[in-house]
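A.B. asks: Protein chains in written order, with my numbering: chain H, 1 to 294; chain P, 1001 to 1394; chain Z, 2001 to 2357; chain V, 3001 to 3251; chain L, 4001 to 4230.
By construction, the Cβ of each residue, glycine as well, lies at the ideal position given by its N, Cα and C atoms.
Got a structure for you, questions after.
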Ligand SMILES: Nc1ncnc2c1ncn2[C@@H]1O[C@H](COP(=O)(O)OP(=O)(O)OP(=O)(O)O)[C@@H](O)[C@H]1O
Ligand SMILES: Nc1ncnc2c1ncn2[C@@H]1O[C@H](COP(=O)(O)OP(=O)(O)OP(=O)(O)O)[C@@H](O)[C@H]1O
Ligand SMILES: NC(N)=O
Ligand SMILES: [Mg+2]
Ligand SMILES: [Mg+2]
């Protein structure tokens, strides 16, 4: 019983972390088709934002609450700059965005190294989030509960915006067909900036939250990137619902594999499961079909 | 036009080290980019400090030491490439650096084939001895075995092993398993995570439910942060289940957050708090050079020491030539910050004092136990019966 | 440019390349630099394959490190076996195994004592793996960014898998090779021979790629890249068309890995994971993915720039490297190979028919 | 006149919605068979089903062989070729290369791996026939809409398809081009079965040998041009004589 | 209303349309005809703002639009229905319409008006546009354009792929809107009959140049045929 509950919780928790890291990607990659390899560095920027805010504010609790919106703004601003300066030229060459943003990521890592030093820095966990609560016989760290709640909040907000607001419709329209959107009176320039801002901002938020459980160092973002991309792919491009299910499934899978083999082999196992899964659902869990041949 | 075949002698490579001028070049080869930069940049700094001090005191053999710095980029192949470049193009007299065993293994043939010298400053898994490498960090009998002895002495009867998935932790754990078997300690679990992994939910849950007396931690780098945070958050404490770490030094404590790790144990040969005149001046000089907020740690000290050991050996040999340095090395000693260290001419390791440290609220480690004097290096664990099955002499 | 597409032009091009590689380079470069060039040529061989799979076939293979690594490990296993045999007679275990406490040679190592088996394995195993994986993926029409991410994850998983294999050297990988098919590796003369071998392999690989591009298959591959579904309606199995290019790219990468090992002296998971795989791609993108020599030039340029920059600015070269990727790819969509074309049409905005990526 | 392709009781449904609801259709060699019907009647879907793009129940038989469940490229190899409502050609390849590829589905690997020395005769002839001989080396991407459609038809011809399913092949063509295309279709149909989906009634009247009208996924009428155009039901749902009938055009 | 002066445009460096002068008066319907590849679509894309002008100007009601991006031309009163039944495939048909109605004062009413015009669309509103049939998509595209309440409607072969009775419907709608006032139409059409019937004036393009222009009275058909068939 304990083991099962523990597993379940670990899966959910790992999943929510993955989801937080992947949610921004499901906008920038899933919706806009931009393979942003610097997304990990945006997460890292969120981590350092939390660090800086804590240095300034002092109190860990207050600084966490302040850092969340600030992290969103920092990540978002970085995304906006990236979009305006580089990505904008590359919408018709989606795979090239991968290479360019990889270069951006390298530079951001080095910037972090030069500004904050190569060793990791510490962001203290607020008193209120230290320790755990006992749920059905397992100890659940409060930090993880907090991250789960944050993930749920972020997902809900993003999907409501995309689904039901005019802005969301416009985003989906521009993503689908830029020229046509232009002729429908939508400024694709302005709309492009939107999801990129939100997606990158979410990376910043993820970064702030991840300081609660992980380290803050120039290479921090890297460890989340590949898994986050896998979540988006397995979930079906651009499908928030898919990303949620995929994140939790991958998290649970990882937890189960880890219990019965080693953590390293678990990664391999997860990869194999994804390849097999794509045999069944080549376009991911949830997909949008069209009749075009493209 | 084919060269020599297996079994035939290859003509010796000519060394291009130029000692006719009033400077001598040495290489400093560390990862300044990539995942290992987090640790290795600090080593670069202490090498530079030692060189600066030696130069200020008149250099070696009257010559000023000039550093040629290279980036190993956290990739073994780059280490090999840069080592060869330092030897063949820059004609350095010796190279200081390397961190991961993979980087050392990659450089080893380069130094052997070109007959040059590497000073390697990091604690490692032992089972190696090359004519062309001087190992100034701890080998296992100077770190891991004393740590196990300490745990056994404090009444630990069961341990849980957690490590990063690479050679050092795996070898270390093999040794720990053998030790445990011989000393009646129960190993309740052994888990490895990918280097850099930050997901410890499952492992910490397993550690907790296993209920060992102590955890032996061979995790490296960022993973430690996630591990200790998770550890603290599920309510595990140093009193209840202490963690003995062998890769957490002063630098790492800062990143983990002292509130998460206070009271936990580490095994090294050196802490910033070691009370000795030599260390007093080392710490002071380092802070003066790089800032008061910087800390000093074991690998930094070993790297710093290695430059002095090289200089002392050259002075003793009266020559920069590799053969002369190798010849003169045995018995060369230096009054290092950690205490006196002496080069063992047979295995090219140095004698070192083992210390168990406890992490205090100020983020520094304080010695709670130390060996009686320096321990002789025994990289192949020939002096331990229970380790007979572990290793073979080269 | 037109000239080089003629038969005479082709021979001239190859002649000139051979002259530079076999004549000029050994004459001008020191032993160390020649060794470095040999290493870069290995990357160039991988790049030629990527140029085919990605530039022509539209498959962004972010996981070439896997095939490169397979070739490299297969060769390294042979070299370690040869070494063990030389030191300890038949059946001796390689030195690193002794250190890891492995006393008994794992069964799967034994055949690698044979040079013939090793070479066959280098040619067949990665290619076969690519065919299987390709069929699994392409038959299900996984493509575009999906395929890219998937192949990237593959590289990551493969590296992790290797790290866990103590009988393959784990994280340290395999190193300390002394002999290459009976020749001492520390002899400069033999090192130069290795360089010539790599240079020869590169020319051969370029020739194969050229033939493939000019053949009907090459046209078909472009057709699949541009309108895969349409090709099916003409009666072709588009997946098979892609698998061929993917497998050829894998084969090239494997061969490159195999020659890389004796040159560099080590293969470890660090050389085959996600980042090295992206580096392979970057060379191709920077050189020009769609052209024949672009990938070669790009791979050499990136590797050379990397070395030169890091020698000059050991602690700040990442900036220069990052900038290089950004500028070249953002400003020169066709890579270095398109410089001339770009200069010519600076006044206008967009290419007429853009190569789809 | 022989039956080249025979469809029995074809049904295609999408999430419960029946786009094609039990269609029987025979295509004969020597005929240009027009498929007409309101927008959304299921014409394209029917073609999709026959060519293996949409899953269906029922049966499609060509030369005694059941095609249901076969892969797209197998069906194409059985001699069934189609064009798309929006022309899809290989934009980065030249007209000649497009045709050469279309001509070569059966080539051996060995042939494929060699360089094309000269164009196959049927490719040269076809280029002449579709009026693109002088654009042989033009990348197909820069052809005008109508030219792309001819190229698409040409690609079916060189591929030896003997059942051609053309989805709105003259969309966007001018009057003269329509004429040309119509004659081309008739020419082609001499020894092949040609099915044309079209909304241009003048074109249909001029060139149809036979007409089938689909409505709401089912066959509403079938017969000669006159029979069909005279059918009041067809007039009501499709041809229309006045405004009012538009309301009934909902699929 | 619309005035093009010496407008040239094309792809890459090669112009396809070489200096066209064209004007449309208020409430006027003007048809542009020409062979495949004559440059009709290219011209319309330049007017709509999807292709940069290489030379010349585009004016709407006396305001220079040449440098304005496409979306701002829509706000100025242009609506463009591109060739080829284009729609936002991943949005439902309803969302396709709401997308353009968003932010307009009587958005809902505008949508309703279009649905009255194209009743076939009503039952399809919840279906993904990418799954609609060709003709359904074309109707959706025209409806979408009309929701922007344009003063100038640009249609590229609007009847392509539409069933005959609906073609008649569209024709009368377009003409009706123009007649009612407030809407000018620039129409590219292959269907000679339809074009001449709907339009007040015509232009024939040949190789990117105006080969003939005039009003669509009697004898127009002959002149057009002649201009086109040379
Ligand atoms: N994949 C699908 N999922 C759901 N509905 C579909 C799908 N494909 C087609 N439909 C619906 O099936 C019906 C038939 O579509 P089809 O394209 O066959 O019509 P058509 O007769 O070709 O019309 P048109 O003349 O306008 O091209 C339409 O209502 C369409 O919306
Ligand atoms: N994207 C493009 N790149 C280069 N050339 C193009 C492109 N699109 C069209 N062209 C060329 O421009 C010319 C005019 O094409 P356009 O599409 O304007 O013709 P059209 O008059 O609309 O023909 P249709 O009646 O077939 O639609 C054609 O010769 C075509 O080859
Ligand atoms: N030698 C080590 N710690 O890798
Ligand atoms: Mg249709
Ligand atoms: Mg057109």
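(1) Listing by chain order, which chain V residues have their CB less than 8 Å from the CB of residue 2215 of chain Z?
(2) Applying the criterion that 16 or more other CB atoms from any shown protein chain within 10 Å of the CB defines a buried residue, is residue 4044 of chain L buried or exposed?
(3) Closest Cβ-Cβ distance between residue 107 of chain H and chain Z: below 8 Å?
(4) Let's see if you can read the secondary structure: which residues bound the alpha helix (DSSP H) around residue 1282 of chain P?
(5) From the DSSP output, which residues share a beta bridge with residue 1186 of chain P?
(6) So, under 8 Å CB-CB, residue 47 of chain H and residue 219 of chain H are touching, yes? Tell me the CB distance rounded to an integer number of Å.
(7) Should residue 1298 of chain P be labelled buried (16 or more other beta-carbon atoms within 10 Å of its own) or exposed?
(8) Ligand 2 and residue 4039 of chain L: does any heavy atom of the ligand fall closer than 7 Å to the residue's C-beta?
(9) Within 10 angstroms of its Cβ, does residue 1023 of chain P collect 16 or more other Cβ (buried), or is it exposed?
(10) In the DSSP assignment, what residue or residues form a beta bridge with residue 3166 of chain V?
(11) Does the region 2203-2217 of chain Z come close enough to the region 3076-3089 of chain V to have 3 or more Cβ pairs within less than 8 Å?
(12) Output, in sequence order along the chain, the residues in the region 254-267 of chain H whose CB is closer than 8 Å to any CB in chain Z.
(13) Please list, in chain order, all residues of the same chain as residue 2357 of chain Z whose beta carbon is under 6 Å from its beta carbon, the five residues on each side excluded.
(14) May I have a chain-ordered list of the alpha helix (DSSP H) segments no shorter than 4 residues that lie completely inside the region 1054-1132 of chain P?
(15) Can you tell me which of V:3163, V:3211, V:3231 and V:3221 puts its alpha carbon nearest to the alpha carbon of residue 3060 of chain V?
(16) Hey, is residue 187 of chain H's beta-carbon within less than 8 Å of any beta-carbon in chain L?
(17) Please determine, among P:1153, P:1233 and P:1278, the residue with the shortest C-alpha to C-alpha distance to residue 1259 of chain P.
(18) From residue 1193 of chain P to residue 1165 of chain P, what distance separates their C-alpha atoms?
(19) Would you say residue 121 of chain H faces chain P, with C-beta separation under 8 Å as the test?
(20) Can residue 2268 of chain Z and residue 2063 of chain Z be called in contact, C-beta distance under 8 Å?
(21) Please name the residue in H:9, H:63, H:14 and H:70 whose C-alpha comes closest to that of residue 200 of chain H.
(22) On the CB-based measure, 16 or more other CB atoms within 10 Å of its CB, does residue 2036 of chain Z come out buried or exposed?
(23) Could you tell me which uninterrupted beta strand (DSSP E) segments, each at least 3 residues in length, are contained entirely in the region 4006-4031 of chain L, listed from first to last along the chain?
(24) Please confirm whether residue 293 of chain H has its beta-carbon closer than 8 Å to some beta-carbon of chain L.
(25) Starting from residue 1233 of chain P, follow the alpha helix (DSSP H) in both directions and report where the run begins and ends.
(26) Taking CB distances under 8 Å as the criterion, tell me whether residue 1192 of chain P reaches chain H.
(27) Give, in chain order, every residue of the region 1242-1264 of chain P whose Cβ lies closer than 9 Å to some Cβ of chain H.
(28) Indicate, with yes or no, if ligand 2 has a heavy atom lying under 7 Å from the CB of residue 4036 of chain L.
(29) Counting only beta-carbon separations shorter than 8 Å, does residue 50 of chain H have a partner in chain P?
(30) Just to check, is the beta-carbon of residue 3085 of chain V closer than 7 Å to a non-hydrogen atom of ligand 4?
(31) Between the Cα of residue 2251 of chain Z and those of Z:2130, Z:2018 and Z:2095, spot the shortest distance and give me the residue it belongs to.
(32) In terms of alpha-carbon separation, which member of P:1380, P:1300 and P:1214 lies closest to residue 1044 of chain P?
(33) Please determine whether the Cβ atom of residue 3044 of chain V lies at a distance below 7 Å from any heavy atom of ligand 4.
(34) If distances are taken between C-alpha atoms only, which option among H:196, H:182 and H:125 comes closest to residue 295 of chain H?
(35) Could you please go through the chain and list the residues whose beta-carbon is closer than 5 Å to any non-hydrogen atom of ligand 3?
(36) Terminal residues of the continuous beta strand (DSSP E) containing residue 4055 of chain L?
C.D. replies: On the basis of the data shown:
(1) In chain order: 3112, 3113, 3114, 3115 and 3116.
(2) Buried, because 16 or more other Cβ atoms sit within 10 Å of the Cβ of residue 4044 of chain L.
(3) Proximity of residue 107 of chain H to chain Z, defined by a Cβ-Cβ separation below 8 Å, is satisfied.
(4) 1277-1290 is the extent of the alpha helix (DSSP H) around residue 1282 of chain P.
(5) Bridge pairing for residue 1186 of chain P: P:1158 [DSSP].
(6) Not a contact, Cβ separation roughly 11 Å.
(7) Buried.
(8) Within the cutoff, so yes.
(9) Exposed, by the Cβ-count rule.
(10) Beta-bridge pairing links residue 3166 of chain V to V:3196.
(11) No, because fewer than three Cβ pairs between the region 2203-2217 of chain Z and the region 3076-3089 of chain V fall closer than 8 Å, the two stretches do not touch.
(12) Those would be 262, 264, 265 and 267, in chain order.
(13) Residue placement at residue 2357 of chain Z is poorly supported in this model, since its pLDDT is 33, which falls under 50; the coordinates still yield a value, given next. Correct list: empty, nothing qualifies.
(14) Entirely contained in the region 1054-1132 of chain P, the alpha helix (DSSP H) runs reaching 4 residues are, in chain order, 1076-1088 and 1101-1113.
(15) Here the closest residue by C-alpha is V:3163.
(16) It does; some Cβ of chain L falls within 8 Å.
(17) Closest by alpha carbon: P:1233.
(18) For residue 1193 of chain P and residue 1165 of chain P, the distance between alpha carbons rounds to 5 Å.
(19) With 8 Å as the cut-off, residue 121 of chain H counts as an interface residue toward chain P.
(20) No, they are not a contact pair.
(21) Closest by alpha carbon: H:70.
(22) Under the 10 Å beta carbon count, residue 2036 of chain Z is surrounded by 16 or more other beta carbons and is classified as buried.
(23) Note on the region 4006-4031 of chain L: whole beta strand (DSSP E) runs with a minimum of 3 residues are 4014-4024, in chain order.
(24) A caution first: residue 293 of chain H carries a pLDDT of 42, below 50, which makes its placement in the model unreliable, though a value can still be read off. For residue 293 of chain H, the closest Cβ of chain L is not nearer than 8 Å.
(25) Where residue 1233 of chain P is concerned, the enclosing alpha helix (DSSP H) stretches over 1223-1233.
(26) It does: the Cβ of residue 1192 of chain P has a partner Cβ on chain H nearer than 8 Å.
(27) Listed by position along the chain: 1251, 1252, 1253, 1254, 1255, 1256, 1257, 1258, 1259 and 1260.
(28) The answer is yes for residue 4036 of chain L.
(29) Taking Cβ atoms only, chain P never reaches closer than 8 Å to residue 50 of chain H, which makes this a no.
(30) It does: the Cβ of residue 3085 of chain V is within 7 Å (strictly closer) of some heavy atom of ligand 4.
(31) Nearest in C-alpha terms to residue 2251 of chain Z, of all of Z:2130, Z:2018 and Z:2095, is Z:2130.
(32) If we check each option's Cα against that of residue 1044 of chain P, P:1300 comes out closest.
(33) A distance criterion of 7 Å places the beta-carbon of residue 3044 of chain V in contact range of ligand 4, judged by its closest non-hydrogen atom.
(34) Absent from the structure is residue 295 of chain H, since the part of chain H shown begins at 1 and ends at 294.
(35) Ordered along the chain, the selected set is P:1100, P:1101, P:1122, P:1124 and P:1168.
(36) Residues 4055-4060.
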